[in-house]
Amino acid sequence: MNSNIVNKRPVYLSLIIIIFLIGLSFVGEIRIFNLKLKKIDFFADIRKDSTFIKEKQLSKLMQENIFNVDDQRVSLDDQYKPNKSNYSFVHLKNFWSSLESEEYKEKPIRIAYYGDSEIEGDLITSDLRTLLQRKYGGSGVGFLPLSSVDARFRNKVTFEYDEDKINTYALNKSKKTYDFGISGAVFEPKEDFTITFKTLTPEANYNLLRLFYKISDSVLTQDTIPYFFVNDNKIEISGKTNYLSQFVIDLNSANDQLTMNFSPNLMRVYGVSVEKGNGIYVDNFSLRGYSGTTLHKIPSENLKKFNEYLNYRLVVFQYGMNVLSDSVTNYSHYKNQMKRVVEYFKECFPKADILIVSIGDRGKKEGESYITDPNIFNLIKAQKQLAEETGSSFINLLDLMGGVNSIVKWVDKGLAAQDYLHISRGGAKFIGKRIFEKITNFSVNKDTLQKR
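In our numbering, the protein residues as written are 110 to 561.
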């Protein structure tokens with residue numbers, strides 16, 4: 110074989126790889142089955158930085174979408190004044206009435222907060238819950254699943270268990286219809302299953318335990334008495350029903366640790382709630398990689414039963430991270446899918462208000478810098494229209510964070526991760542505080558509240 114040909118093979122191979130990478134630079138988002146790959150920019154390090162030009166273009170986009178946010182304004186102190194056109198709270202009648210009438214003093218009221226990994230680990234909801242409970246009462250983190258990817262990195266409570274001993278069925282893992290609970294998941298022990306909950310702060314301690322379950326079909330037709338254990342105490346369930354039920358246990362004193370054990374084939378478990386006293390509870394319903402568009406697959410009879418047991422007055426939907434795509438500029442299809450979800454929840458929670466929280470700022474690499482992804486404005490516009498068309502309240506999270514390119518400043522301040530997408534604990538605390546201020550600022554709206 111000609112030695113010159115052999116010696117040139119590495120050169121040919123390198124040229125082919127370079128041509129392939131250059132070609133990928135002109136291709137948008139790549140999907141392989143359910144895997145989404147980021148766009149490869151072969152010229153990123155040699156392209157002239159166009160951030161300044163892009164900022165002007167982004168500001169124009171915001172004006173065209175009626176967001177009117179000053180792209181130079183990013184303030185994280187008490188002087189922060191967001192643009193009022195990006196918020197609407199005229200549809201918080203039921204929630205505000207519950208606060209004004211002090212209903213929470215007679216019985217707990219709750220907020221169901223749905224989202225993707227942006228609220229995973231109890232982000233945002235933990236800080237919102239703490240502020241609400243300090244003002245209106247209550248203690249404990251509320252609803253907890255039996256299995257979750259954030260089980261060991263929540264900041265108020267952690268739970269330990271053997272994942273191999275339980276089957277988890279969730280909306281983000283299956284497109285099929287199933288007997289999901291309010292969290293979008295349901296759990297079925299396949300062996301003796303033990304889970305231990307540990308609270309990490311005194312304000313998360315509790316003295317009341319609620320278990321949400323259904324008796325297995327096989328048990329309903331037998332003489333078997335279903336049971337479970339709480340701290341080694343055997344609890345038998347006397348009534349056998351095939352609908353979603355709750356079992357309430359008074360633990361007598363405040364607890365910071367609780368161990369439960371379930372035998373297989375006795376019951377289907379939807380989760381537990383740990384509480385202490387009347388007040389307000391914020392339930393975190395996060396599903397990683399989820400868009401929220403199939404929440405209507407949760408059986409309505411299950412949602413209505415949860416509402417009967419837990420008295421929801423506000424339902425929050427915060428999605429968008431897993432919806433945004435370089436290949437999509439018109440999000441009307443997504444809006445219509447979520448419209449179905451919102452209307453479904455309004456039917457199941459007739460006394461609860463709906464709050465839509467838009468996607469927050471997301472960075473996109475442009476040259477050597479990151480800027481706000483221009484496609485965000487198309488998605489936020491659809492989310493704002495969703496709120497308007499369904500009679501829901503609305504928060505523009507991009508504006509709340511500080512507007513155009515705020516994600517860059519958040520990363521610099523340690524409020525967001527280096528992926529220019531996910532927020533940190535510090536960023537979550539900021540957002541939780543701002544949402545708290547907005548949804549509880551009803552004193553100046555009493556006239557409006559009385560007229561509606």
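Beta carbons: idealized from backbone N, C-alpha and C, even for Gly.
A quick note: this is a predicted structure, and the numbers were derived from the prediction, not measured.
| query | result |
| --- | --- |
| What span of residues does the beta strand (DSSP E) with F337 cover, start to end? | Y336 to V339 |
| Which one or two residues does DSSP pair with K474 in a beta bridge? | Y479 |
| Would you say N281 and D231 are within 8 Å of each other, going by their C-beta atoms? | no |
| Which value, in whole angstroms, describes the spacing of the CA atoms of K538 and D236? | 6 Å |
| List the whole-angstrom C-beta distance separating G541 from L240, where the pair is believed to meet the contact cut-off of C-beta under 8 Å. | 7 Å |
| Taking 6 Å as the limit between beta carbons, can you name the residues of its chain near S382, skipping five residues before and five after? | G251, F252 and R319 |
| Determine the extent of the beta strand (DSSP E) in which Q331 is found, giving its start and end residues. | Unbroken run through Q331: none, as it is neither H nor E. |
| Do three or more CB pairs link the segment 479-493 to the segment 430-444 at distances below 8 Å? | yes |
| Tell me the residue span of the alpha helix (DSSP H) that contains Q494. | I485 to T499 |
| Sort R422, Q427 and T402 by Cα distance to R449 and report the nearest one. | T402 |
| So, is R543 buried or exposed, given that buried needs 16 or more other C-beta atoms within 10 angstroms? | buried |
| Locate the alpha helix (DSSP H) running through S450, then write down its first and last residues. | A small correction: the amino acid at residue 450 is Val; Ser does not occupy that position in the sequence shown. Where V450 is concerned, the enclosing alpha helix (DSSP H) stretches over S441 to C457. |
| Could you tell me if H405 is buried or exposed, where buried requires 16 or more neighbouring beta carbons within 10 angstroms of its beta carbon? | buried |
| With respect to the alpha helix (DSSP H) encompassing T239, which residues constitute its N-terminal and C-terminal limits? | T234 to Y245 |
| Run through the segment 491-551 for me and flag every whole beta strand (DSSP E) of 3 or more residues, listed as ranges in chain order. | 502-504 |
| With DSSP as the reference, identify every bridge partner of R319, one or two as the case may be. | V357 and S382 |
| Buried or exposed: where does A221 fall if 16 or more other Cβ atoms within 10 Å of its Cβ makes it buried? | buried |
| Count the other C-beta atoms from every protein chain shown that fall within 10 angstroms of the C-beta of P311, then say buried if there are 16 or more, exposed otherwise. | exposed |
| Under the three-state reduction of DSSP, which class applies to A363: helix, strand or coil? | strand |
| Ordered along the chain, which non-local residues of its own chain (more than five positions away) have a Cβ less than 6 Å from that of F415? | I291 |
| Which word fits T350, buried or exposed, when buried means at least 16 other C-beta atoms lie within 10 angstroms of its C-beta? | exposed |
| Tell me which residues share the same chain as P335 and place their Cβ nearer than 7 Å to its Cβ, disregarding the 5 neighbours each side in the sequence. | I324, V328, I346, L375 and M376 |
| Under 6 Å Cβ to Cβ from L530, same chain only, skipping five residues before and after it: list those, please. | R471 |
| For a minimum of 3 consecutive residues, which ranges assigned as the beta strand (DSSP E) are wholly contained in the segment 195-226? | 218-224 |
| Have a look at Q527 and N393 and give me their C-alpha separation to the nearest angstrom. | 25 Å |
| Leaving out the 5 sequence neighbours to the left and right, which residues in its chain are closer than 6 Å to Q427 when beta-carbon positions are compared? | G224 and V466 |
| Does the separation of the CB atoms of P217 and Y379 fall below 8 Å? | no |
| State the DSSP-derived secondary structure class of S395, mapped to helix, strand or coil. | strand |
| With DSSP run on the structure shown, which of helix, strand or coil describes Y428? | coil |
| Per DSSP, which one or two residues make a beta bridge with G293? | None, per the DSSP bridge assignment. |
| Would you mind stating whether F545 and S197 have Cβ atoms separated by less than 8 Å? | no |
| Measure the CB-CB distance between V425 and L464 and report whether it falls below 8 Å. | yes |
| Between the alpha carbons of D365 and V437, how many angstroms are there, rounded? | 47 Å |
| Could you tell me the boundaries of the alpha helix (DSSP H) in which Y418 lies? | S409 to L419 |
| Could you pull the DSSP bridge partners for A461 from this structure? | None; A461 has no bridge partner. |
| Would you report the Cα separation of E475 and E229, rounded to the nearest angstrom? | 28 Å |
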